[in-house]
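Student: Right, I'll just put the structure down here and ask away after.
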Amino acid sequence: NKMIKEVEMIKMRKDIEYLIQNYFFSRVGLAKALNTLPKVLRDFTVLNVVPQDANFYKMHNKIQTIKQQIKEAEEYQPNE
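Per this note's numbering, the sequence shown runs over residues 5 to 84.
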């Protein structure tokens with residue numbers, strides 16, 4: 005559904021900016037973590053280029069995984 009993809013892209017752009025500012029510190033670093041090219045990430049976030057469905061879903065899923073891993077790491081208690 006095109007509308008759902010549009011909404012998800014808004015969230016993804018915010019997630020990408022948040023991840024860069026707080027964890028990866030560069031677009032290149034996050035691109036490596038997402039297994040994509042920095043140009044793809046830049047085009048998506050800066051130029052609002054819509055990625056092909058396959059790339060979109062791959063990126064979307066990786067971002068969700070990274071966010072989940074960060075949440076688990078932040079909640080981690082070494083004495084448990």
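All C-beta atoms, glycine included, are put in the ideal place defined by N, C-alpha and C.
(1) Counting along the chain, where does the alpha helix (DSSP H) carrying K28 start and finish?
(2) For R17, which of E76, L45, E84 has the nearest alpha-carbon?
(3) Counting along the chain, where does the alpha helix (DSSP H) carrying L23 start and finish?
(4) CB I70 to CB A35, shorter than 8 Å?
(5) Which residue marks the beginning of the alpha helix (DSSP H) containing V44, and which one marks its end?
(6) Could you check if L51 is buried or exposed, using at least 16 other CB atoms within 10 Å of its CB as the buried criterion?
(7) When we look at the beta-carbon of M7 and count the other beta-carbons within 10 Å, is it buried (16 or more) or exposed?
Tutor: For this structure:
(1) The question names Lys, but residue 28 in the sequence shown is Phe. Note, F28: premise wrong, no alpha helix (DSSP H); not H, not E.
(2) Considering only E76, L45, E84, the residue with the shortest C-alpha distance to R17 is L45.
(3) 6-23 is the span of the alpha helix (DSSP H), which, as asked, contains L23.
(4) Not closer than 8 Å, so no.
(5) First-last of the alpha helix (DSSP H) with V44: 42-49.
(6) Burial state of L51 is exposed, judged by a 10 Å Cβ sphere holding fewer than 16 other Cβ atoms.
(7) That one is exposed.
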